[in-house]
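Visitor: Our numbering applies: residue 272 is where the sequence shown begins, and numbers increase by one.
We put the beta carbon where it would ideally sit given N, CA and C, even for glycine.
Bear in mind the structure is a predicted one, so any value in this text is a computation, not a measurement.
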Amino acid sequence: MATTLFDLSGKVAIVSGAAQGMGRAIALALAEAGADLLLVDRNEPGVQRTAEEVRQLGRRALPDSTDVSVPAQVIALFQRLDGEFGRIDFLANVAGESIMARPEDISLEDVEQVWRNLVLGRFCACQEAGRRMLKAGGGSILNIG
């Protein structure tokens, strides 16, 4: 009989950047441990594929195309979470942008977009999740990128 290190049955997680890479891997690991997921990525075909993989593991998965660099969209995402799941136990902020260029060639607009995603959007998501977790008496937040 195999034992599992984590049992997340009955838990709910949001994973941003869930269409590929680390976000997808985290989403699948959470689902394998029993969590239901709200999956976020602007890459709609990719997030749909991840959602289907989560469903094949027997878990509930809702894909969402929220742009996490826009606080109003992040707030709306958490309102959707409240309506669909009524709780959050784990937030994984994985979505991120980078600029692969020489510093002297990077525009300030590009820097601002990266900042909005990696700082402002993540702070907003942490704040929204944190409020709910504090009220519920617990939860975990992972910021990675």
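#1: Per DSSP, which one or two residues make a beta bridge with Leu333?
#2: Report the partner residues of Ser369 according to the DSSP bridge assignment.
#3: Would you check if the distance between the CB atom of Leu308 and the CB atom of Val325 is smaller than 7 Å?
#4: Beta strand (DSSP E) containing Leu362: first to last residue?
#5: Considering Val283, what are the terminal residues of the beta strand (DSSP E) in which it resides?
#6: Taking three-plus beta-carbon pairs below 8 Å as touching, is the segment 371-387 in contact with the segment 296-316?
#7: Am I right that Gly305 and Leu333 are in contact with their C-beta atoms under 8 Å? What's the rounded C-beta distance?
#8: Take Lys406 as the anchor and find which of Val345, Val382, Arg358 and Gln319 has the nearest alpha-carbon.
#9: Take Leu276 and list the residues in its own chain whose beta-carbon comes closer than 7 Å to its own, dropping the five residues that flank it on each side.
#10: Would you mind sorting Ala400 into buried or exposed? The rule is 16 or more other CB atoms within 10 Å of its CB.
Guide: By the coordinates alone:
#1: In the DSSP assignment, the residues bridged to Leu333 are Leu309.
#2: BP columns for Ser369 are empty, so no partner.
#3: Against a cut-off of 7 Å, the Cβ pair of Val325 and Leu308 comes out as a contact.
#4: In the DSSP assignment, Leu362 falls within the unbroken beta strand (DSSP E) covering Phe361 to Asn364.
#5: Here the beta strand (DSSP E) through Val283 covers Val283 to Ser287.
#6: No, because fewer than three Cβ pairs between the segment 371-387 and the segment 296-316 fall closer than 8 Å, the two stretches do not touch.
#7: Going by Cβ atoms, the distance from Gly305 to Leu333 rounds to 16 Å, so no, they are not a contact pair.
#8: Cα-wise, what sits closest to Lys406 is Arg358.
#9: If we look at Leu276 and ignore the five residues flanking it on each side, it has no Cβ neighbours.
#10: Under this definition Ala400 is a buried residue.
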